[in-house]
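Reading through the structure tokens given below for one structure.
Below, the structure written as structure tokens:
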């Protein structure tokens, strides 16, 4: 089933113009030209009065901005208390069922388009039951920012944690999980919830958005401010809260489990 957008979604619309151009400071304090404004992110955020604010942002061609909107392909079904709902039919204020079995409210939804061409990141296609019965239940297409919550055998004994988040792209095996380059543009989405968690996406537990614990330290002030402007309810990176689980790359995971 699908849900209708929250009441007032179309009426409560705010647009943003591209931020003025400037320069980003390099770590060695030499100025550099800012990244080109080559990506558009459409964002819907929950206002304090319960309404929904819509904004359209022109943003730099920087991986962090793609991470904010590039996890779930259009049509991905997320589990809600009322049943599965396609990600494009969700709205801020809706609730998702988490891996822990409780629910969290969606605070923000971002979407962008990945178009084929030079430099375009591949998507990841997961065949039905590639990770076991019902995981996923059907064919699933994910964006480059998707991370899967899983419990690799023996990991708790080696690292002290049972579950980790691993980029879905790092779990490609050429058979059940493969890289794909669609012939045409693909709309991708990501959701920010009231706490970082993982939710059922077509049978796989995929994480909700979080920029990472130390990301702010790696960004020049201008880029940091521009990124935060995507999230009108936040004033700093601390507002994203803690990560629910450690993030471990496929390469690191292979080393740990081979030990």
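Residue numbers (the numbering used here): 567 to 825.
Every residue gets a Cβ at the ideal spot worked out from N, C-alpha and C, and that includes glycine.
Given a cut-off of 9 Å on the beta-carbon distance, is the pair residue i and residue j in contact?
| i | j | result |
| --- | --- | --- |
| residue 671 | residue 755 | no |
| residue 682 | residue 629 | no |
| residue 743 | residue 814 | no |
| residue 711 | residue 634 | yes |
| residue 794 | residue 801 | yes |
| residue 757 | residue 632 | no |
| residue 679 | residue 626 | no |
| residue 734 | residue 690 | yes |
| residue 715 | residue 773 | yes |
| residue 753 | residue 654 | yes |
| residue 645 | residue 765 | yes |
| residue 620 | residue 759 | no |
| residue 705 | residue 687 | no |
Around the C-beta of residue i, are 16 or more other C-beta atoms found within 10 angstroms, so that it is buried, or is it exposed?
| i | result |
| --- | --- |
| residue 664 | buried |
| residue 768 | buried |
| residue 780 | exposed |
| residue 651 | buried |
| residue 784 | exposed |
| residue 609 | buried |
Find the nearest neighbour of residue i within the set the options, judged by alpha-carbon distance.
| i | options | result |
| --- | --- | --- |
| residue 701 | 644, 673 and 770 | 770 |
| residue 718 | 614, 656, 732 and 667 | 732 |
| residue 709 | 640, 764, 627 and 612 | 640 |
| residue 796 | 677, 763 and 642 | 677 |
| residue 648 | 660, 730 and 642 | 660 |
| residue 823 | 604, 811 and 730 | 730 |
| residue 685 | 737, 618, 804 and 605 | 605 |
| residue 617 | 799, 805 and 806 | 799 |
Just to confirm, does residue i get its C-beta within under 8 Å of one of the non-hydrogen atoms of the ligand NAP?
| i | result |
| --- | --- |
| residue 813 | This structure does not include the ligand NAP; it has no bound ligands of any sort. |
Could you tell me which uninterrupted beta strand (DSSP E) segments, each at least 3 residues in length, are contained entirely in the stretch 677-765, listed from first to last along the chain? Segments of the beta strand (DSSP E) lying fully in the stretch 677-765: 689-692, 706-708, 713-716, 730-733, 743-746 and 752-759.
Fully enclosed by the stretch 628-658, which alpha helix (DSSP H) runs are 4 residues long or longer? Complete alpha helix (DSSP H) runs here, min 4: 629-635.
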